[in-house]
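Numbering (the UniProt record's numbering), first residue to last: 1 to 269.
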């Protein structure tokens with residue numbers, strides 16, 4: 001055959017439909033016409049028969065191309081622009097009015113557009129799947145973090161209830177209330193803890209003395225002469241004892257409520 005070997009080119013679309021390339025059809029048509037001329041078959045009946053066969057092949061190629069393109073268009077909905085492919089399919093809907101040569105041209109255009117739209121849709125699907133996987137991983141990580149926080153919170157014992165400040169504090173308590181606010185900036189919540197702490201230790205009695213341990217005064221300093229650092233009258237002046245006691249609490253426990261928690265847990269502070 002003078003035209004040479006026919007080259008078969010097959011475009012595989014994601015649906016599995018195979019569309020024969022226009023190049024293969026052109027080679028086949030050239031081979032057929034060359035064979036007819038070489039054989040001397042030029043009469044009208046033979047030419048009409050071969051023209052019919054050419055149209056059949058063109059219409060079959062059109063049907064195959066449209067079928068594959070339709071599946072790709074459906075898959076592209078809401079993902080990528082398939083306008084060009086839809087126009088090619090629409091043009092092939094008038095296949096009975098077109099010459100075989102024009103049909104093969106449109107089939108070739110449709111095949112190219114089908115491959116492009118399919119590739120675009122596949123890429124969008126890949127990106128969407130990756131984003132979904134990342135979102136799922138983030139959700140799982142957040143759930144695990146929340147579970148860890150809940151577990152950690154469950155492991156921490158509830159804070160003990162803190163005592164409230166007295167409605168009618170004694171004279172010594174009023175001194176403590178003024179000193180703790182002016183010197184340490186502690187509020188009413190801390191005052192309630194302090195009142196309960198020293199109620200428990202000495203009953204706010206400036207003369208309180210523990211014969212077993214030697215603890216002395218309102219804050220139950222041990223030994224009592226430690227309070228001399230706050231004033232020489234530490235044995236009789238509640239303000240001196242309170243000043244020393246507040247300093248001891250601040251340096252050792254930070255706040256009266258922390259000292260109260262320690263006392264509640266161990267019986268001493």
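C-beta atoms are modelled at their ideal positions from N, C-alpha and C, and glycine is treated no differently.
In this chain, the alpha helix (DSSP H) harbouring residue 68 covers 44 to 76.
Of the candidates 51, 47, 187, the residue whose Cα lies closest to the Cα of residue 99 is 51. Separation of the CB atoms of residue 196 and residue 268 is rounded to 14 Å, and the pair is thereby denied contact status at 8 Å.
The beta carbons of residue 217 and residue 208 sit closer together than 8 Å. Residue state for residue 216 is assigned as strand, using DSSP reduced to three classes.
Ranked by how close their Cα comes to the Cα of residue 246, the residues 232, 89, 203, 186 have 186 in first place. Here the alpha carbon of residue 118 sits roughly 22 Å from the alpha carbon of residue 103.
With a cut-off of 8 Å on Cβ pairs, the segment 131 to 150 is not in contact with the segment 167 to 175, counting fewer than three such pairs.
Scanning its chain for C-beta atoms nearer than 7 Å, with the 5 sequence neighbours on each side dropped, one finds around residue 79 the residues 121, 124, in chain order. The bridge partners DSSP lists for residue 269 come to none. Relative to the Cα of residue 162, the nearest Cα in the group 53, 59, 232, 263 belongs to 263.
In this structure, the alpha-carbon of residue 223 lies about 18 Å from that of residue 203. Put simply, the backbone Cα of residue 45 is about 36 Å away from that of residue 69.
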